[in-house]
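Asks:
In the working numbering, the protein residues as written are 41 to 471.
1) If you follow the alpha helix (DSSP H) that residue 327 is in, where does it begin and where does it stop?
2) Figure out for me which residue from 235, 354, 368 has the closest Cα to the Cα of residue 142.
3) If you measure between the beta carbons of residue 172 and residue 159, is that distance less than 8 Å?
4) The alpha helix (DSSP H) that contains residue 86, what's its start and end?
5) Determine the DSSP secondary structure at residue 281, reduced to helix, strand or coil.
6) Between the beta-carbon of residue 109 and the beta-carbon of residue 314, is there less than 8 Å?
7) Residue 424: buried (16+ other C-beta within 10 angstroms of its C-beta) or exposed?
8) What is the rounded straight-line gap between the Cα of residue 178 and the Cα of residue 88?
9) Measuring alpha carbon to alpha carbon, tell me which of 367, 455, 468, 385 ends up nearest residue 72.
10) Which residues in the same chain have their Cβ closer than 8 Å to the Cβ of residue 547, if we skip the five residues on either side of it in sequence?
11) Is the segment 255-268 in contact with the segment 221-232, if contact means three or more CB pairs nearer than 8 Å?
12) Which same chain residues, not among the five before or five after residue 135, have their C-beta less than 6 Å away from its C-beta?
13) Using beta-carbon positions only, say whether residue 204 and residue 92 come within less than 8 Å of one another.
14) What residue range is occupied by the uninterrupted alpha helix (DSSP H) comprising residue 409?
15) Any contact between the segment 403-411 and the segment 432-449? By contact I mean 3 or more CB pairs, one from each, below 8 Å.
16) Taking buried to mean at least 16 other C-beta atoms within 10 Å of its own C-beta, is residue 393 buried or exposed?
17) How is residue 111 classed by DSSP in three states: helix, strand or coil?
18) My output table needs one value for residue 247: the three-state DSSP class, helix, strand or coil.
19) With three or more C-beta pairs closer than 8 Å as the rule, is the segment 262-274 touching the segment 67-86?
20) Taking only three categories from DSSP, how would you classify residue 197?
21) Roughly how many whole angstroms lie between the Cα atoms of residue 95 and residue 332?
22) Please report the residue range of the alpha helix (DSSP H) in which residue 379 lies.
23) Using only alpha-carbon positions, find the residue among 152, 373, 66 that is nearest to residue 113.
24) Give the single residue among 230, 216, 210 whose Cα lies nearest to the Cα of residue 445.
25) Are the beta-carbon atoms of residue 418 and residue 371 separated by less than 8 Å?
26) Got a sec? Which residues, its chain only, sit under 6 Å from residue 292 by beta carbon, not counting five neighbours each side?
27) Near residue 65, what residues of its chain come up, given a Cβ to Cβ distance below 7 Å and the 5 sequence neighbours on each side ignored?
28) Expressed to the nearest angstrom, what Euclidean distance is found between the alpha-carbon atoms of residue 126 and residue 261?
29) If we count the other Cβ atoms within 10 Å of its Cβ and call it buried at 16 or more, is residue 355 buried or exposed?
30) Using 8 Å as the limit for Cβ to Cβ distance, is residue 321 near chain B?
31) Please name the residue in 390, 451, 396, 245 whose C-alpha comes closest to that of residue 16.
32) Can you find the residues in the same chain that come closer than 8 Å, C-beta to C-beta, to residue 168, ignoring five residues on each side of it along the sequence?
33) Residue 318: buried (16+ other C-beta within 10 angstroms of its C-beta) or exposed?
34) For the candidate residues 387, 284, 124, whose alpha-carbon lies nearest to that of residue 99?
35) In this structure, does DSSP put residue 257 in helix, strand or coil?
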């Protein structure tokens, strides 16, 4: 059977299983089993057992459940309320005023949570009621929150970066460092857009109701101390070389538990809920990763990645054209799959092609994170859209429409990253 026929059969099997509401991890494993059983000489059952065990027992992957647990604990603390009180006095005089709390709040919280959905939900719980109470328009508050919530994937620590690092065999610590400058730049683009929007819609921005002196602002900033201390403990331990990503994740869990206890949010109920929430989410991710590892092995035995890479090479695409094609591919794929599934499902096929084009895998990791961010706000399976729909009761299509400007800014960020690759590669090379 030709490669085209084999690929078509596997793709049809994949979408047939997904359409039947089979779990994504089991779907990936099922397609891998079909491919290996029918088109290779190695026994599928033995290969599946070895691959699934090897994927699930990876020490590097240990950081993932710990970071997820840290985010779950913080989600149940009073951290968001404290952050708003500390940020509001400093942005009240900027064009757009309190709208910037969405962007700055998500940027700060992203540094202690590796999840886009958790960042969006936590900051939304804080800002949406406050901004609505002060009369800010719903379309810009919800749109900016959906866009800025994606920073949870780009600013380290990041769950997607850990998944990519494991599947692509790239240093997770270097990926974390590489995400700093692009994350800050993307947050700056979001804030710049809000300033421009406010300048064009002055009548929609409420006037400030209070005027604090510099001393009063500094005093209110004390509410930012807990989150800044936790960020310093987690990221500082990684960048100083004191701890690996896994050890830093453990530091984050201990720090978040201490922070929760100090704020009076720690109880047996919140501890149990955070642990169970992290367990459920990690089990889902681990199942997907295991299925994807088996699928990667199966495709390797069949030879599809090598043949695909050879086919792409015959197209004569320049590296830039390849990146544009991949960006479009991932945006379309993001309409149907979540970010983690996109990464683990495609890396086995995409990485040989990217490597043959001479593209730095560290840079490519940051590119992947940004396009996965874009997928978080594309219907019908944009996770941030689902989070905001649950919080606001708005239609998915309405939320996607008001988020469109921030989607366009992410597209611009991809182009900036291409033209200035040092944004992602300079800092890891000097630390």
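Cβ coordinates follow ideal geometry from the N, Cα and C atoms, glycine included.
Replies: To lay it out plainly:
1) Per DSSP, residue 327 belongs to the alpha helix (DSSP H) from 308-342.
2) With distances taken between Cα atoms, residue 142 lies closest to 235.
3) No, the Cβ-Cβ distance between residue 172 and residue 159 is not below 8 Å.
4) Counted as a single uninterrupted DSSP element, the alpha helix (DSSP H) harbouring residue 86 occupies residues 84-96.
5) Reduced to three states, the DSSP call for residue 281 is coil.
6) Cβ distance < 8 Å, so residue 109 and residue 314 count as in contact.
7) Only buried fits residue 424, as 16 or more other CB atoms lie within 10 angstroms of its CB.
8) In a straight line, the C-alpha of residue 178 is about 49 Å away from that of residue 88.
9) In terms of CA proximity to residue 72, 385 leads the group 367, 455, 468, 385.
10) Because the chain spans 41 through 471 in this model, residue 547 falls outside it and cannot be assessed.
11) Touching, no, given that fewer than three Cβ pairs across the two stretches are closer than 8 Å.
12) Within the same chain, residue 135 has close Cβ partners 235, 238, 239.
13) For residue 204 and residue 92, no; Cβs fall outside 8 Å.
14) Element bounds for residue 409: 401-415.
15) Counting Cβ pairs under 8 Å, fewer than three are found: no touch.
16) Around the Cβ of residue 393, a 10 Å sphere holds 16 or more other Cβ atoms; the residue is buried.
17) The answer is helix: DSSP assigns residue 111 an H, G or I state.
18) Under the three-state reduction of DSSP, residue 247 is assigned to coil, being neither helix nor strand.
19) Contact between the segment 67-86 and the segment 262-274 is absent: fewer than 3 CB-CB pairs across the two stretches fall below 8 Å.
20) In this structure, residue 197 counts as coil in the three-state DSSP scheme.
21) Between the alpha carbons of residue 95 and residue 332 lies a gap of roughly 9 Å.
22) Taken as a continuous stretch (DSSP letters only), the alpha helix (DSSP H) holding residue 379 covers 379-396.
23) Nearest option by C-alpha distance: 152.
24) Of the residues 230, 216, 210, the one whose Cα lies closest to the Cα of residue 445 is 230.
25) The answer is yes: Cβ separation under 8 Å.
26) 110, 274.
27) Its chain contains 327, 328, 330, 331 as the residues whose beta carbon lies nearer than 7 Å to that of residue 65, once the 5 sequence neighbours on both sides are disregarded; these appear in chain order.
28) Here the alpha carbons of residue 261 and residue 126 stand approximately 4 Å from one another.
29) Sixteen is the threshold: since fewer than 16 other Cβ atoms of the shown chains lie within 10 Å of the Cβ of residue 355, the residue is exposed.
30) Any reference to chain B falls outside this structure, which holds one protein chain only.
31) Outside the shown range of the chain (41 to 471) lies residue 16, about which nothing can therefore be said.
32) Take residue 168, set aside five residues on each side of it, and the residues of its chain with a beta-carbon closer than 8 Å to its own are 181, 182, 185, 431, 432, in chain order.
33) Here residue 318 is buried. Its C-beta has 16 or more other C-beta atoms within 10 Å.
34) Comparing Cα-Cα distances from residue 99 to each of 387, 284, 124, the minimum goes to 284.
35) Secondary structure of residue 257 (DSSP, three-state): helix.
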